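Trainee: First, the structure itself, so that you have it in front of you.
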DNA sequence: CATTATAGTGAACGATCGTTCACCTGTCAA
DNA sequence: TTGACAGGTGAACGATCGTTCACTATAATG
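Structure below.
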């Protein structure tokens, strides 16, 4: 049983059960008859940095989580491994949603932010209770209308600007309520 | 100890340790002196659908995972809970990356796909070993140049089209190698 | 051939696991 | 005042946990 296929099997187990297998379960997973075989294999995985250990000796995932390789574009040539490893080990959940208790998702309808690269059908992650800065994309209700727009502030004048030259900026006549600022955008093609 | 604050503490533990606490650890977490108190509290959380149980009696997360509310835009009015719950319980990892073993990440440079809503600095998730269909966005090497473009096929003529009217379509003179098709896009603002 | 290393078996240990049971409070309604 | 009940304590159980040790089988090396 080589390390790579073992990693793959453990990863599959972890994705399915949301936890790591015990040594006993690894035996079923790998076809071992003895727990000690799993124990030694796990030691190798720890050595390889794929698994880790708790303060109290329990197995914990380390580089087991979907660590997609991050490639960089070199102008001419094939894609090569990028030096930055920011995304490689972190889950998208942690990467995209900093404060899950203050966030919600919104499926975008309309084309008012299309020049900002936000299309119909995209999902935006919105964080509440945060002071918007000039240029942020915000979810707002302006005079009863509910929209996704740029937050603009010019000489103490606050208004909402669309990311689409077909539309005009919105100046609040009566009421402007902010429901949060957009911290990330997600799009899925297939 | 009410259910909500217990859920919050367990969620915090799970995010930190990538696993659920044992009843003993819950005692430290909740300030209990007896495991049985944790046991009964966990029973309530299971009743509430927040936790679940394994085939073998182990605790597993159910609705504990970061379940961001998905809101929908009603034309006039405040955002309300959307009927679709696709995203609510699924992690972004599972949502965005269908086949992690065949995927990689690419940080986008350049503006050649800006009209497709893909900007400089965005991260695209690319899946390898997949036959591109007309209109797919692909990562390709054309005559030694490495790019992100639309895959076009017209009357058996294959070429690459940019998502930016400033640029022209690229017709392969010698060589066209595909490195995968873009299945999702991720952008982070803050 | 002998030797060393690698991989797996199998038994055993103390610790921790989930679970059950009996008991001890308070609080609130009858 | 009484009884029921919910919430927490504490001890106990068998099962499983991680870990250790001694042993076997196979392959590679000299």
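Chains as they are written, first to last, in the numbering used here: chain A, 6 to 195; chain B, 6 to 195. Cβ coordinates follow ideal geometry from the N, Cα and C atoms, glycine included. No experiment lies behind these values; they were computed from the predicted model shown.
How many Å lie between residue 124 (chain B) and residue 188 (chain A) at the Cα?
Mentor: Rounded to whole angstroms, the gap between the alpha carbons of residue 124 (chain B) and residue 188 (chain A) is 15 angstroms.
Trainee: Compute the Euclidean distance between the alpha carbons of residue 139 (chain B) and residue 167 (chain A), then round it to the nearest angstrom.
Mentor: Approximately 31 angstroms between the Cα atoms of the pair.
Trainee: DSSP three-state label for residue 175 (chain B), please.
Mentor: DSSP places residue 175 (chain B) in the strand class (E or B) of the three-state scheme.
Trainee: Short check: CB of residue 186 (chain B) to CB of residue 116 (chain B), under 8 angstroms?
Mentor: no
Trainee: Would you kindly work out how many angstroms separate the C-alpha atoms of residue 19 (chain A) and residue 128 (chain B), rounded to a whole number?
Mentor: 25 angstroms
Trainee: Of all Cβ atoms in chain A, is any one closer than 8 angstroms to the Cβ of residue 194 (chain B)?
Mentor: yes
Trainee: So, is residue 97 (chain B) buried or exposed, given that buried needs 16 or more other C-beta atoms within 10 angstroms?
Mentor: With 16 or more Cβ atoms within 10 Å of its Cβ, residue 97 (chain B) is classed as buried.
Trainee: When you compare the segment 29-49 of chain B with the segment 165-185 of chain A, are there three or more beta-carbon pairs, one atom per stretch, that lie closer than 8 angstroms?
Mentor: no
Trainee: Of all the residues that make up the segment 22-43 of chain A, which are near chain B by a beta-carbon distance shorter than 8 angstroms?
Mentor: 22, 23, 24, 25
Trainee: Please classify residue 186 (chain B): does DSSP put it in a helix, a strand, or coil?
Mentor: strand
Trainee: What is the residue span of the beta strand (DSSP E) that residue 132 (chain B) lies within?
Mentor: 128-132
Trainee: Might you give, ordered along the chain, the residues of its own chain that have their beta carbon closer than 7 angstroms to the beta carbon of residue 51 (chain A), omitting 5 neighbours on each side?
Mentor: Around residue 51 (chain A): 57, 58.
Trainee: Taking just the CA atoms, how far does residue 49 (chain B) sit from residue 193 (chain A)?
Mentor: Distance between residue 193 (chain A) and residue 49 (chain B), taken at the CA atoms: about 37 angstroms.
Trainee: In this structure, does DSSP put residue 194 (chain A) in helix, strand or coil?
Mentor: coil
Trainee: Residues of chain B with CB closer than 9 angstroms to the CB of residue 183 (chain A), please, in chain order.
Mentor: Simply none; closest approach about 12 angstroms.
Trainee: Does the distance from the C-beta atom of residue 101 (chain A) to that of residue 16 (chain A) stay below 8 angstroms?
Mentor: no
Trainee: Are the C-beta of residue 126 (chain B) and some C-beta of chain A separated by less than 8 angstroms?
Mentor: no
Trainee: Using a Cβ-Cβ cut-off of 6 angstroms (strictly less than) and excluding sequence neighbours within five positions of residue 172 (chain B), which residues of its own chain qualify?
Mentor: So the qualifying residues of the chain are 117.
Trainee: Sort B:163, B:182, B:158 by Cα distance to residue 152 (chain B) and report the nearest one.
Mentor: Closest option to residue 152 (chain B), Cα to Cα, is B:182.
Trainee: For residue 143 (chain B) and chain A, any beta-carbon pair shorter than 8 angstroms?
Mentor: no
Trainee: Which residues in chain A have a C-beta closer than 7 angstroms to the C-beta of residue 172 (chain B)? List them in chain order.
Mentor: Neighbours of residue 172 (chain B) on chain A: none; closest Cβ ~15 angstroms, over 7 angstroms.
Trainee: Given 7 angstroms as the limit, tell me if residue 178 (chain A) has its C-beta closer than that to any heavy atom belonging to the ligand GTP.
Mentor: For the ligand GTP, the structure offers nothing, since it holds no ligand at all.
Trainee: Report the rounded CA-to-CA distance for residue 136 (chain B) versus residue 41 (chain B), giving the unit in angstroms.
Mentor: Taking the Cα positions, residue 136 (chain B) is about 56 angstroms away from residue 41 (chain B).
Trainee: Out of A:67, A:64, A:103, which has the shortest C-alpha to C-alpha gap to residue 132 (chain A)?
Mentor: Selected option, being the one with the closest Cα: A:103.
Trainee: Just how far apart, CA to CA, sit residue 169 (chain B) and residue 145 (chain B)?
Mentor: 17 angstroms
Trainee: Below 8 angstroms on the Cβ atoms is my guess for residue 25 (chain A) versus residue 64 (chain A); work out the distance and round it to an integer in Å.
Mentor: 5 angstroms
Trainee: Is the CB-CB distance between residue 143 (chain A) and residue 156 (chain A) below 8 angstroms?
Mentor: yes
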